[in-house]
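> The structure under discussion is supplied below as structure tokens; questions concerning it will follow.
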Amino acid sequence: MDYTCCTLCPRMCRADRRKSPGYCGCGAYVTAARAALHLWEEPCISGTGGSDSGGSGTVFFSGCTLRCCFCQNHTISSGHFGVPLTVRQLGDVFLRLQDQGAYNINLVTATQYAPDIIKALDIVKPHLVIPVVYNSGGYERVETLKELEGYVDVYLPDLKYLDSGLSARYSNAPDYFQFAGPAIKEMIRQTGEPVWDEAGILLKKGVVIRHMVLPGCREDSIRLLHWIKETLPSGRYLLSLLSQYTPLFKALDYPEINRPITTFEYQKVVDAAVDLGLTHGYMQEKSSAKKEYTPSFQLEGLEDFC
């Protein structure tokens, strides 16, 4: 697994990233845009947000294997803003976050750098005592995930679409579910049943499946919930239903999603989850659909490497 003929993600672009970027837009070195404590993940990742909360030690990586037209992190996913890091510097970033009181190391959109992330974790393994979270768009190859086994404690994947027409239109990935479904099964296989800290708040091991409801797409959301119920082993994952969709980036080019979701749309999906017994997890408040929840990228925590 390296960058010479890249097959890390389902695009299988086979680029020699030492010479030119792959489909993800990335070369043969890690680039990151932010490394800081983050309080806006699910409570099992970021804590309850109290005055003594450490938060999740998020590292936002540049580039992406998807092309979501509504991406809230488009500055780094398609704009590739960030600072290059060596493997050792990346390991230092992990340890700094731990020293700052992070509950975990949260790798956000990291697939395109998996080889170097594994090397960095190997370096700091004797000193890293908090869980590693793999925060992913869900568009993953099982083969790459298997290389991460033993390095990742908590998987935090999106499950964006079941319908290939929607995934093609909004993320340029008609095969999204073809890969995301098996990927989530593999994540569950690796982690087993959720393991909690002594307080029963923070997740030490497990899978949290995120699904963000999109405008006009509630039927696809409900079909996804049925797939989850019928396919995935009960008690082996948490479900997080998100209402935070905000029309950003290129959403203006798609009039049907150039609006927030309605309370009716979100409630229909929540009702379906409850009817299916999918209540082990989180359901977001409708008020979460705010631009303030979109992180800013100013190289926070990475200033020493600029």
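Residues 3 to 308 in the numbering used here are what the sequence shown lists, from first letter to last.
Each residue gets a CB set at the ideal place from its N, CA and C atoms; glycine is no exception.
None of the values given here were measured: they were computed from a predicted structure.
Shortest alpha-carbon distance to V95 belongs to which of T264, F299 and F62?
F62
> Straight-line CA distance for A291 to E44?
Caution applies to A291, whose pLDDT of 49 falls short of 50 and renders its modelled position unreliable; the value that the coordinates give is listed next. If you take the alpha carbons of A291 and E44, they lie about 15 Å apart.
> Ordered along the chain, which non-local residues of its own chain (more than five positions away) have a Cβ less than 8 Å from that of L1?
Because the chain is modelled from 3 through 308, residue 1 falls outside the range shown and cannot be assessed.
> Which same chain residues, not among the five before or five after Y157, have their C-beta less than 6 Å away from its C-beta?
Excluding the 5 residues flanking it on each side, Y157 has same chain C-beta neighbours closer than 6 Å at Y136, M189 and V209, in chain order.
> Look at the Cβ atom of F181, then the Cβ atom of R143, and state whether they are nearer than 8 Å.
yes
> Where does K162 land, buried or exposed, given buried means 16+ other C-beta within 10 angstroms?
buried
> When DSSP labels each residue in this structure, what does I259 get in the three-state scheme?
helix
> Within a Cβ cutoff of 8 Å, which residues of the same chain sit near A104, ignoring the five residues on either side of it in sequence?
L39, G56, G57, S58, G59 and I132
> Mapping DSSP to helix, strand and coil, what is L304?
coil
> Residues in its own chain within less than 8 Å of R225 by CB, not counting five upstream and five downstream?
L164 and D165
> Does the distance from the C-beta atom of L250 to that of A175 stay below 8 Å?
Their beta carbons are not under 8 Å apart, which means L250 does not touch A175 by this criterion.
> Can the beta-carbon of L109 be found less than 8 Å from the beta-carbon of V126?
Going by C-beta atoms, L109 is not nearer than 8 Å to V126.
> Would you mind stating whether Y25 and R13 have Cβ atoms separated by less than 8 Å?
yes
> Under a Cβ-count criterion, where at least 16 other Cβ atoms within 10 Å of its own Cβ denotes burial, should L254 be classed as buried or exposed?
exposed
> Three-state secondary structure (DSSP) at A291?
Low confidence applies here, because A291 scores a pLDDT of 49, under 50, leaving its location unreliable and the question unanswered by this model.
> Look up I132 in the DSSP assignment and say whether it is helix, strand or coil.
coil
> Just mark R20 as buried or exposed, buried being the case when its beta carbon has 16 or more other beta carbons within 10 Å.
exposed
> Drop a sphere of 10 angstroms on the beta-carbon of P235, count the other beta-carbons inside from all chains shown, and report buried for 16 or more, exposed for fewer.
exposed
> How would you write the range of the alpha helix (DSSP H) that P117 sits in, first residue to last?
Judged by DSSP secondary structure, P117 falls within the alpha helix (DSSP H) whose first and last residues are A116 to V126.
> Could you tell me which of L240, F266 and T265 sits nearest to G279, measuring between CA atoms?
Relative to the Cα of G279, the nearest Cα in the group L240, F266 and T265 belongs to L240.
> Does the beta-carbon of S22 have 16 or more other beta-carbons within 10 angstroms, so that it is buried, or is it exposed?
exposed
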